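Undergrad: Everything in the sequence shown is counted per my numbering, starting at 478 for the first residue and increasing by one. All C-beta atoms in this analysis are idealised placements derived from N, C-alpha and C, irrespective of residue type, glycine included. No experiment lies behind these values; they were computed from the predicted model shown.
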Amino acid sequence: MTEREMRAVDQTALWHPFTQMEGYADELPAPPIIERAEGNWLIDIHGNRFLDANCGYWCLALGCRPNAVENAIREQLQKFSHSTLLGLSHVPAIELAKKLTGLAGAPLNHVFFADSGSEAVEAALKMSYQYWCHKGQPERSEFLALGQAYHGDTLGAVAAGGIDVFHAAFKPLLFPVRRVPAPAGGPECAVVIEREIEAHCKTLAAVVIEPFVLGPGGVIAQPEGYVERVLLAAKKFNVLAIFDEVAVGMGRLGTLFAFEQLKTEMRPDIVCLAKGLTGGLLPLSAVLAAEHVYAAFLGKFSERRTFFHGHTFTGSALGCAAALAALDELSRPGFLERVRLETIPHFWRVLENLRGHPKVRCVRGRGMMAGVEVARSENSEYAWEEQAGHRAVLAARARGVQTRAIGNVVLAVPPLTILPDEIELLGRVLRESLDELE
Ligand SMILES: *Cc1c(COP(=O)(O)O)cnc(C)c1O
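Structure follows, in structure tokens:
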């Protein structure tokens, strides 16, 4: 196909996610059509190169072309690509279950596979409700979630979500979820969620949070000690705690699992993983479940304690092989130490330089996950319709950096493998792009 033909299809037949297709055709510079990739760089049909500062969508943790993961997929392809976990098993799923539960450690001894982050959250919500049914407390059908939360796009995950622009349209379709505001300020803001957990502890199935950073909600980092207090309150009042680590897991915060950042030995009851799990090369997600959760589902066939949930591609063999290789890389001695000791500090030194910029309201985040919030001036915000964040993204695109904005927040969520000079380039390009905002 010529570029002209490709553009015509791209602007009509291909319906892009989270994209207003009217106006998509007029965007300048035109959205790159990617043809290949090298290292942390995407390359379009004209050979233009773009540093992938959003790494797929927060998933290409090891860069666009991790050798080990590509080889693992190729090797698996020589054996078989897909079978099912419904009633039989396969080698890569078994190996991955051993690896993941081994790395997670007790009590997260069990893993249920799905295909996307949304599906992992969906499974976790259903799992926690069914858990309480088996415990003889079916009245526990409520969930508690945070304002600005994002847990995916399937209806259960949307119900748990708290971002109005994305979620309000679907309200009539959703089950109600209790909500407390996104944490802001000091650790004392945890009091609000602690009180809510206590007040509704007889009807809550679970509290579901993105630990440490609310990602798609605007990269809002939570105050020190907040996650620990949520977890402690959940334990104290016997409510299950679900960590949605879809964005913050797999090394994003400098530890393989986000829960390793906890300043306590306590662990959540259920952990959702996706995005970087396969290094981002193939869709696969995982729900880690603590011993007591799993045990509640055991019983005679006739007791109907089976977890009645699963997908055609649950535990895809290719996905499992990719995840095994990605986990080998991420857990290789020295890899995450380097991310923690060198990459993250360098990344933040460069981003903090943007703080004095006249268009920057704040720079926030944690680990390898940052958001730069733009504003017209100190006391004037851009309206959502002005798409200021997106205009900065287009300016960055023209300078060879690919990223994305959520409202007025420009994202910087690069691969963990980003090199020092690429971090410098990212900082330079972001500054020049912000300069262009009128
Ligand atoms: C991306 C994301 C999801 C949804 O994952 P998908 O694979 O896109 O379905 C859920 N929760 C968080 C925190 C995410 O960042």
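Can you grab the Cα-Cα spacing for the pair F689 / L651, in whole Å?
TA: What you label residue 689 is simply residue 212 of the sequence shown in a count that begins at 1. What you label residue 651 is simply residue 174 of the sequence shown in a count that begins at 1. Each residue's Cα considered, the two are about 26 Å apart.
Undergrad: Given a threshold of 16 other Cβ atoms within 10 Å of its Cβ, counted over all protein chains shown, does S762 qualify as buried or as exposed?
TA: Here residue 762 is taken as the residue at index 285 of the sequence shown, counted from 1. So S762 counts as buried.
Undergrad: According to DSSP, is H587 helix, strand or coil?
TA: Taking the sequence shown and counting its residues from 1, one reaches residue 587 at position 110. Three-state DSSP puts H587 in a strand.
Undergrad: Quick one: grab the DSSP three-state call for M604.
TA: Numbered from its first residue, the sequence shown carries residue 604 at position 127. Correct three-state label for M604: helix.
Undergrad: Alpha carbon to alpha carbon, how far is H823 from V669?
TA: Numbered from its first residue, the sequence shown carries residue 823 at position 346. Numbered from its first residue, the sequence shown carries residue 669 at position 192. Straight-line Cα distance between these residues: approximately 35 Å.
Undergrad: Could you check if C532 belongs to the surroundings of ligand 1, using beta carbon to heavy atom distance under 8 Å?
TA: Within the sequence shown, the letter at position 55 stands for residue 532. C532 Cβ: outside cutoff for every heavy atom of ligand 1.
Undergrad: Decide yes or no for the touch test of the stretch 636-651 against the stretch 611-628: beta carbon pairs closer than 8 Å, at least 3 of them.
TA: Yes, they touch.
Undergrad: I'd like to confirm something about G633: is its beta-carbon nearer than 8 Å to some heavy atom of ligand 1, or not?
TA: Along the sequence shown, one-based indexing puts residue 633 at 156. No.
Undergrad: Could you tell me which residues DSSP pairs with R513 in its beta bridges?
TA: In the sequence shown, the residue the question calls residue 513 occupies position 36. The partner list for R513 (beta bridge, DSSP) reads I520.
Undergrad: Label P897 either buried or exposed according to how many other C-beta atoms from any shown protein chain fall within 10 Å of its C-beta, with 16 as the threshold for buried.
TA: On the sequence shown, position 420 is the one that residue 897 refers to. Looking at its Cβ environment, which holds fewer than 16 other Cβ atoms inside 10 Å, P897 is exposed.
Undergrad: From V696 to V906, what distance separates their C-alpha atoms?
TA: The sequence position of residue 696 within the sequence shown is 219, counting from 1. The sequence position of residue 906 within the sequence shown is 429, counting from 1. If you take the alpha carbons of V696 and V906, they lie about 20 Å apart.
Undergrad: From the DSSP output, in three-state form, read off M743 for me.
TA: Here residue 743 is taken as the residue at index 266 of the sequence shown, counted from 1. It is coil, neither helix nor strand.
Undergrad: What do you reckon, are the CB atoms on G633 and E599 nearer than 9 Å?
TA: To locate residue 633, count along the sequence shown from 1; it is residue 156. To locate residue 599, count along the sequence shown from 1; it is residue 122. A contact, by the Cβ cut-off of 9 Å.
Undergrad: Can we count K712 as close to ligand 1, meaning its CB is less than 8 Å from some heavy atom?
TA: Position 235 of the sequence shown, counted from the start, is the residue given in the question as residue 712. The answer is no for K712.
Undergrad: I want to check one thing, is the minimum distance from the CB of P628 to the heavy atoms of ligand 1 below 8 Å?
TA: The residue you call residue 628 lines up with position 151 of the sequence shown. Looking at the sequence itself, residue 628 is His, so the reference to Pro does not match. Yes, ligand 1 has a heavy atom inside 8 Å of this Cβ.
Undergrad: Do P506 and C797 have their C-beta atoms within less than 9 Å of each other?
TA: For this step, residue 506 is matched to residue 29 along the sequence shown. For this step, residue 797 is matched to residue 320 along the sequence shown. No. Outside cutoff.
Undergrad: Pull up the CB-CB distance for V923 and V870, whole angstroms please, since I reckon it's below 8 Å.
TA: A query on residue 923 cannot be resolved here, the shown segment of the chain reaching from 478 to 915 and no further.
Undergrad: Under the DSSP definition of a beta bridge, which residues are partnered with V851?
TA: In the sequence shown, the residue the question calls residue 851 occupies position 374. According to DSSP, which records beta bridges pairwise, V851 is partnered with V837.
Undergrad: Hey, how far is the Cα of A646 from the Cα of H611?
TA: Walking along the sequence shown from the start, residue 646 turns up at place 169. Walking along the sequence shown from the start, residue 611 turns up at place 134. If you take the alpha carbons of A646 and H611, they lie about 34 Å apart.
Undergrad: Taking only heavy atoms of ligand 1 into account, decide whether any of them is closer than 8 Å to the Cβ of G842.
TA: As a working mapping, residue 842 is identified with position 365 in the sequence shown. Checking every heavy atom of ligand 1 against the Cβ of G842, none is found closer than 8 Å.
Undergrad: Just verifying my parser: in three-state terms, what is the DSSP assignment at M727?
TA: Along the sequence shown, one-based indexing puts residue 727 at 250. DSSP places M727 in coil when its eight states are reduced to three.
Undergrad: For G728, is the classification buried or exposed, using 16 other Cβ atoms within 10 angstroms of its Cβ as the cut-off for buried?
TA: Within the sequence shown, the letter at position 251 stands for residue 728. Burial call: buried.
Undergrad: Could you name the residues that DSSP lists as bridge partners for S779?
TA: Taking the first residue of the sequence shown as position 1, residue 779 is located at position 302. Its beta-bridge partners do not exist; DSSP assigns none.
Undergrad: Suppose contacts are defined by Cβ-Cβ distances below 9 Å. Is I550 in contact with L795 by that definition?
TA: Residue numbering aside, residue 550 sits at position 73 when the sequence shown is read from its first letter. Residue numbering aside, residue 795 sits at position 318 when the sequence shown is read from its first letter. Against a cut-off of 9 Å, the Cβ pair of L795 and I550 comes out as a contact.
Undergrad: Take G533 as the anchor and find which of T755, K836 and E899 has the nearest alpha-carbon.
TA: In the sequence shown, the residue the question calls residue 533 occupies position 56. Closest option to G533, Cα to Cα, is T755.
Undergrad: Span of the beta strand (DSSP E) holding S656?
TA: By one-based count along the sequence shown, residue 656 stands at place 179. Per the sequence shown, residue 656 should be read as Arg rather than Ser. R656 -> beta strand (DSSP E) spans R655 to V657.
Undergrad: So within the stretch 623-706, which uninterrupted alpha helix (DSSP H) runs reach at least 4 residues, ignoring any that extend past its ends?
TA: For the stretch 623-706, whole alpha helix (DSSP H) runs of length 4 or above, ordered along the chain, are 632-637, 641-644 and 667-676.
Undergrad: On the DSSP bridge assignment, give the partners of S762 in chain order.
TA: Here residue 762 is taken as the residue at index 285 of the sequence shown, counted from 1. A591, per the DSSP bridge assignment.
Undergrad: Rounded to the nearest angstrom, what separates G531 and E780 at their Cα positions?
TA: Stepping through the sequence shown from its first residue, residue 531 is reached at position 54. Stepping through the sequence shown from its first residue, residue 780 is reached at position 303. Per the sequence presented here, residue 531 reads as Asn, with Gly not at that position. So the two alpha carbons sit approximately 47 Å from each other.
Undergrad: Report whether the distance from the Cβ of P745 to the nearest heavy atom of ligand 1 is below 8 Å.
TA: If you number the sequence shown from 1, residue 745 lands on position 268. Because no heavy atom of ligand 1 lies under 8 Å away, the Cβ of P745 does not count as near it: no.
Undergrad: Would you say the beta carbon of S762 comes nearer than 8 Å to a heavy atom of ligand 1?
TA: In the sequence shown, the residue the question calls residue 762 occupies position 285. Because some heavy atom of ligand 1 lies under 8 Å away, the Cβ of S762 counts as near it: yes.
Undergrad: Tell me the DSSP secondary structure of M483 in three-state form.
TA: Looking up residue 483 in the sequence shown gives position 6. Helix, per DSSP.
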